[in-house]
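For the sequence shown, my numbering assigns the number 170 to the initial residue and increments by one for each residue that follows.
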Amino acid sequence: MSTRTIMPHAPGETVPSPFPLSFAQERLWIIDKLTDDKALYNASMLFKLEGPVSADVLERALDEVINRHDVLRTAFVEHDGQARAMLTPAHSFRLACEDLRQHAMPAEAASAHQRQVAGEPFDLAHPPLLRATLYRLSEQKHELLLTVHHIIFDGASIDVLLAELAVLYPALAAGVPSPLTEPPVQSGMLAAAERQRISGAHKERLLAHWRENLSGELPVLALPTDHPRPPLQTFRGATLRKPLPAELTANLETFCRSERTTPFMVLLTAYAIWLCRYASQHKVVIGVPYALRADKASQGAIGFLVNTIALRMQPDGRASFRELVRESRNRCLEAYPHGELPFGELLGALGAQREMTHPPIFQAMLVVQSRRAAVQLGSGISLRYAGEVPIDKARFDVSMVLDFLDDGATLSFEYNLDLFEPATAERMLGHFLVLLDAALEQPEHPASRLPLLAAEERRRMLETWNDTGDRAPEGLSHALFEAQAVRTPDAPALIHGDIVWTYRQLDQRANQLAHALQALGVDREVPVGVLLERSPEAVASMLAIFKAGGVYVPLDPAHPDERLAYMIGDARMHAIVTGQGLKPRLAALLESAAHELAVQPVLLDWNEDASIIGDHATTPPARGPEPLHLAYVIYTSGSTGQPKGVEIEHRAFYNLVLAKIDGFGIFPDSRVLQFVSFGFDVSVSDVCMTLAVGAQLLLRPAELVGGAALGQWLKEHAISVIVLPASVLATLPPMELPALRSVIAGGEACSAELVDRWAPGRRFINAYGPTEATICTTMARCQPGGGAPPIGKPIAHARTYVLDANLQPVPPGVTGELYIGGAGLARGYLGQPTLTAEKFVPHPFAGEHAAVAPGARLYRTGDLARYLPDGSLAFVVRADNQVKIRGFRIELGEIEAVLLQHAAVQDALVSAQTFGAGGLQLVAYYVANGGDRPDGATLLAFLRTRLPEHMVPGVLIPLESFPRTTNGKIDRRALPEPASYSHAHARESVAPRTPAETIIAEVFADVLQLPSVSV
């Protein structure tokens, strides 16, 4: 560490007044001018006294200290447009006294008064910026509260104060003059010396170090908060204080001795690990104080002789805690020789702007206070430091302060009340202590494996919150329908326009088709495609395939031929059910797909008059599937440029159907809307949950895609249950729907506004679940006025886990990746064992959780979520390149891969952005591959031959090249805003539309279902 020379203040020498402030004082003076909170930088120190204390003597001793140190008599003012310090004449100091000896609870009364006094503001222009109160609790017990503004006082000043009181009090009590000599240096001289020193080549050397160590974008601390960060900091705060257990303190001291390190370096390491894991960040910047007391003279001065430095920490989770402590020690030793660079100069050098929403550079602070021994104020009187009194302020998002006191170590956690609730802060501090304790007990453990959760909390999260039933029911969903058809054969089952099929009609026609399929060789696990528009025949085909034991694979006619041909080949379909209107198209599809098939598919042209159906029995087939067999394969977007098939077994689907009937409130008298395309997996559960209980399923007319028209249709048909993507639900205008009893929003994030609008007087469910976990994994019963709705708790026999990158559970409130286990898990991806192994991982708690069977798996969703205190889940955001738009899961990489297949496209990037009146939309940026740039119409036509309409970008933006960051990655922040490119640019003659229902018609017409084709 470098040695600095301090200009001494010779005895009797006066400091010119007004004189400059130190850099640190100047920064606090500016902050005081900028904020309305004049108590923000108050510091209140509590001292315990024992013995027969004289208030008069103590007052005179404090007065002498104030007169000895110029800074305690300094006014901070503006002079000639600059901040300046002005010395004021010596004057008598008054010690306030509160006699609480007759109070029933003197300690509690003193504490309440101290918190009040601590928060009273100072006027920097009117010294002294110090006040003191003596509390008499008994004849022998007293407390002294000393409140100062930080601009005149720091932590080391406490030691100077204690040392001087130890000399002054007994001398004054004995009636003798002060034996103390004049301080060798005053704060003003130190400020002048600092400004002279921090200049020229020395300043440039300091700047070079920090530019190198803090270059690039500095991460903003992204701790999970209870409330969104307000647009303007208010500094409302609170402080939690916990005594460290004696064993933990002993372990800390032992570890420091063995590693030849300091408690600060150990705390810094644990704090960095905790912050990174809590914020799901790899890096964090932590602010720490740096004492500007490098020589003996300055160590005897009272004043604000502290700078702030910022340490960028990047704890490697693979390294042991011991290794990371050694790294922290090296980082500190590298930083300390450069620690005197004023923090304000650092801000300027890094180009940091004053942020209104959060502190610049760092948002977390760490302070470790040295142990201070008690001093004697003469015979029988002791004085010891007892820590700071909280002032209900928060200068940063979070701050950690470790105090070593005579009666043990205390950890204080200061937090911002605009961000965190007290209960959350309590949990946060508890998790830090768990991590610190484990790190000291097992310092060889990798940092990523250090626990945050105490054993009881871990058990609650893994087991109690996943106590959804040990053994899932084994059954077949279509068997529930068959039983219902026996009970109520003449009840309406399906309604589509003027067409009404009873349960008997639907069951008999499905049975006939099932026999026909078996005659064609369809058996268990044999894929059968259905290329039909939304119709009763499509429902019957689905049920028939289930009955025959085959695997239902929907082929949405709205999808382009290339995609359908790929699905036919990839699934190795044995038969395809279609209608007369789609026969020519199917023939072309088979011709293009046939070369990929090991088995030539057989065309089954089905309608109710065809002899191939009419000759078969109307009773169920004798041989059908078992619960462990596949029920259906649904194709979802894939990042490779081709969709991927998800394999769902009957037992998983059966568990879902039962859960939806119960959770959604499906009853025999229900009238259920079937809304989504039959190429979407929700349609399968819409059908089966309705028919399992004897309710009526109403198929949506193709032209009704949302808005007032859909709302009127719901009213006219007395719909009682709707399952809609949240974006479609948002298009329905407020209206009276007296029959509507259940509203289920799913497929995408649901807003509080939707809950407030639709929940009153009815059941409102926010449902969540990926195709790989059989459509729906969690449900939340939402109430109006409850704010952003959670996605709820797992359904029966499903299990959910929020885990970090090392598959360790994260605490409630902390963001992690959502993993799903239990009865709903898919078998995997059809024909893709590598991808299946990547996404369906071995269950990490199989041996720890008794209800988890050996060999169980978890599906990693790619969704980031967090647990709420009651065990409900809150969705946060996607972790990968996947989005959900209008309920459809879209891999942006698939669109990019298709764009790159065009010979004229060199590079492409697709993003989902909200702009205009159309909500979340796809935007494609592309760079031409030399030659003529393809126009938007050409690329759109190309995309529509390969992608379903819901995956075709709404705006295409050509670029000469992609803007890049210094590390070569595409700089997304520098991409043009899509709002400056009209839809006409992408769709040529299509002008931008703003009326709500016009947008709905444009966006949803092809996404949900093309106009019906006769079968």
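Beta carbons are placed, not taken as given, at the ideal position from N, Cα and C, and that holds for glycine.
Reference residue i; option with closest CA among the options
i       : options                            : result
Val1067 : Phe849, Glu731, Tyr804 and Val1046 : Glu731
Ala1015 : Phe1009, Glu1007 and Gly1024       : Gly1024
Gly666  : Gln532, Pro870 and Gln194          : Pro870
Pro794  : Ile803, Val979, Tyr823 and Ser213  : Tyr823
Ala928  : Arg491, Arg950, Ala861 and Ala683  : Arg950
Tyr804  : Leu758, Gly834, Val722 and Phe844  : Val722
Asp725  : Lys716, Leu751 and Asp739          : Leu751
Val570  : Asp576, Asp587, Ile550 and Ser539  : Ser539
Ala918  : Pro894, Glu941, Phe933 and Leu758  : Pro894
Glu632  : Arg300, His966 and Ala441          : His966
Glu247  : Arg284, Asp292, His260 and Met214  : Asp292
Ala518  : Tyr584, Asn382 and Phe601          : Asn382
Gln450  : Asp973, Thr1030 and Glu1065        : Asp973
Glu816  : His743, Val695 and Ile960          : Val695
Cβ-based burial, residue i [other Cβ within 10 Å; buried from 16]
i       : result
Gly859  : According to the sequence displayed, residue 859 carries Thr and not Gly. The residue is buried, with at least 16 neighbouring Cβ atoms inside 10 Å.
Pro187  : buried
Ala1155 : Any reading at Ala1155 needs caution, since the residue's pLDDT is 40, under 50, leaving its predicted position unreliable; the model's value is listed next. The residue in question, Ala1155, is buried, as its Cβ has 16 or more Cβ neighbours within 10 Å.
Glu777  : Only weak support exists for where Glu777 lies, its pLDDT of 47 falling under 50; the coordinates are left without a value.
Val286  : buried
Asp576  : exposed
Leu580  : buried
Leu401  : exposed
His684  : buried
Gly954  : exposed
Ser780  : With a pLDDT of only 49 at Ser780, under 50, the local geometry of the prediction cannot be trusted, and no value is derived from it.
Asp1032 : buried
Asp572  : buried
Asp566  : buried
Glu625  : exposed
Pro642  : exposed
Ile478  : buried
Endpoints, alpha helix (DSSP H) assigned at residue i
i       : result
Thr418  : Ala415 to Glu428
Val897  : Ala895 to Leu898
Glu247  : It is not in any alpha helix (DSSP H) - Glu247 instead sits in the beta strand (DSSP E) that spans Thr243 to His248.
Phe490  : Phe490 to Ala504
Asn824  : His819 to Phe833
Asp925  : Ala921 to Trp927
Glu583  : It is not in any alpha helix (DSSP H) - Glu583 instead sits in the beta strand (DSSP E) that spans Gly577 to Asn585.
Gly1105 : Gly1105 to Arg1113
Ala607  : Pro591 to Glu610
Gly698  : Per DSSP, Gly698 belongs to no alpha helix (DSSP H); it is in the beta strand (DSSP E), Pro696 to Leu700.
Trp443  : Pro432 to Ala448
8 Å Cβ cutoff met for residue i and residue j
i       : j       : result
Tyr338  : Leu227  : yes
Ala1022 : Thr943  : no
Lys813  : Tyr1028 : no
Ser911  : Arg926  : no
Leu421  : Pro432  : yes
Ser467  : Ala360  : no
Leu923  : Val890  : no
Ala1097 : Pro1132 : no
Pro1011 : Val1092 : no
Leu314  : Val558  : yes
Pro290  : Ala208  : yes
Opening and closing residue of the beta strand (DSSP E) in which residue i lies
i       : result
Leu1004 : It is not in any beta strand (DSSP E) - Leu1004 instead sits in the alpha helix (DSSP H) that spans Pro1002 to Lys1008.
Ala887  : No beta strand (DSSP E) holds Ala887; DSSP gives it neither H nor E.
Arg305  : Leu299 to Arg305
TODO: Spell out a yes or no on whether the region 265 to 275 and the region 380 to 395 are touching, meaning 3 or more CB-CB pairs, one atom from each, closer than 8 Å.
DONE: When Cβ pairs closer than 8 Å are counted between the two stretches, the region 265 to 275 is seen not to touch the region 380 to 395, the count staying below three.
Open item on the list: For the region 668 to 677 against the region 874 to 884, do three or more pairs of beta-carbon atoms, one drawn from each stretch, fall closer than 8 Å, so that the two count as touching?
Closed with: These segments do not touch.
Task: Cβ pair count under 8 Å reaching 3, the region 232 to 252 against the region 185 to 205 - done: Short answer: they touch.
TODO: Mind the definition here: the region 470 to 481 touches the region 318 to 325 only if three or more C-beta pairs lie below 8 Å; say whether that holds.
DONE: Taking a cut-off of 8 Å on C-beta distances, the region 470 to 481 touches the region 318 to 325, as three or more cross pairs fall below it.
Task: Inter-stretch contact (C-beta, 8 Å, three-pair minimum) for the region 602 to 611 and the region 435 to 454 - done: Touching, yes, given that three or more Cβ pairs across the two stretches are closer than 8 Å.
Open item on the list: Assess contact between the region 959 to 975 and the region 835 to 854, defined as three or more Cβ pairs (one per stretch) separated by less than 8 Å. Is contact present?
Closed with: No contact exists between the region 959 to 975 and the region 835 to 854.
TODO: Would you check if the region 327 to 344 and the region 527 to 537 touch, i.e. whether three or more CB-CB distances between them fall below 8 Å?
DONE: In short, these stretches do not touch, since the Cβ pair count stays below three.
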